[in-house]
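In the numbering used here, the protein residues as written are 11 to 237.
A short worksheet on the structure shown next.
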């Protein structure tokens, strides 16, 4: 049904010769098929969107479609293609000198390499992202990069490094008084210690996470802690 509606939208845009919105309709069709898990059908729509935006010389939109293609390939498990697309995203954002989005591109490269199991490459990109966010004084994003570093070390089985990074996430979120983020950081610490087999250290972090979510009246998150 989502595809049918979006195809009707595209048809109307084509009748109106509304080129930017035709490109947007292609993008939305790609997103629907990606969410549906039909990656081979998503890819050509993203590609058509990218090509039309390129013809219209809308470079920010071009880079967004490179990003979406990379994300699609990552979900699809085609990691080298995902890296290639994300490197194009990075190159255009560097040309546009959009520093926060350069940091985001580094993060996405880290995500791809982490999913690919190439943890040392993932760590290097997460570090670049974190350092750039630090230069930009975007502390919430810095905290998020410490989170991704912790997540990568956890996948890698390097649990002490994972704990160290996650404690930095926690400290920044406490400084920012971002209470849901603090609760999430407690939960992540519990998960790392659990994977490490240190159950007596995992339990109090899960309890702190549950108690804080309860104070915030976030019942779904409270239920997750009991789980």
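Every residue gets a Cβ at the ideal spot worked out from N, C-alpha and C, and that includes glycine.
Where does residue i sit, in a helix, a strand or coil, going by DSSP?
| i | result |
| --- | --- |
| residue 87 | coil |
| residue 191 | helix |
| residue 166 | helix |
| residue 107 | coil |
| residue 45 | helix |
| residue 186 | coil |
| residue 148 | coil |
| residue 174 | helix |
| residue 67 | coil |
| residue 119 | helix |
| residue 180 | helix |
| residue 60 | helix |
| residue 34 | helix |
| residue 205 | helix |
| residue 28 | coil |
| residue 39 | helix |
| residue 228 | coil |
If you follow the alpha helix (DSSP H) that residue i is part of, which residue opens it and which one closes it?
| i | result |
| --- | --- |
| residue 11 | That residue, residue 11, is in no alpha helix (DSSP H); it is neither H nor E in DSSP. |
| residue 221 | 209-225 |
| residue 138 | 129-145 |
My understanding is that residue i touches residue j, with C-beta atoms under 8 Å, so please give their C-beta distance in whole angstroms.
| i | j | result |
| --- | --- | --- |
| residue 146 | residue 110 | 6 Å |
| residue 112 | residue 69 | 14 Å between Cβ atoms; not a contact. |
| residue 116 | residue 142 | 7 Å |
| residue 183 | residue 191 | 4 Å |
| residue 71 | residue 77 | The pair is not a contact, with the Cβ atoms about 10 Å apart (cut-off 8 Å). |
| residue 162 | residue 136 | 6 Å |
| residue 199 | residue 217 | With a Cβ gap of about 11 Å, residue 199 and residue 217 do not count as contacting. |
| residue 122 | residue 181 | Residue 122 to residue 181, Cβ: 28 Å. No contact. |
| residue 96 | residue 119 | 5 Å |
| residue 13 | residue 39 | 7 Å |
| residue 140 | residue 156 | 7 Å |
| residue 134 | residue 124 | The Cβ separation is near 11 Å, so there is no contact. |
Beta-carbon of residue i versus every beta-carbon of chain D: anything under 9 Å?
| i | result |
| --- | --- |
| residue 184 | Reference to chain D is not applicable here, since this structure consists of a single protein chain. |
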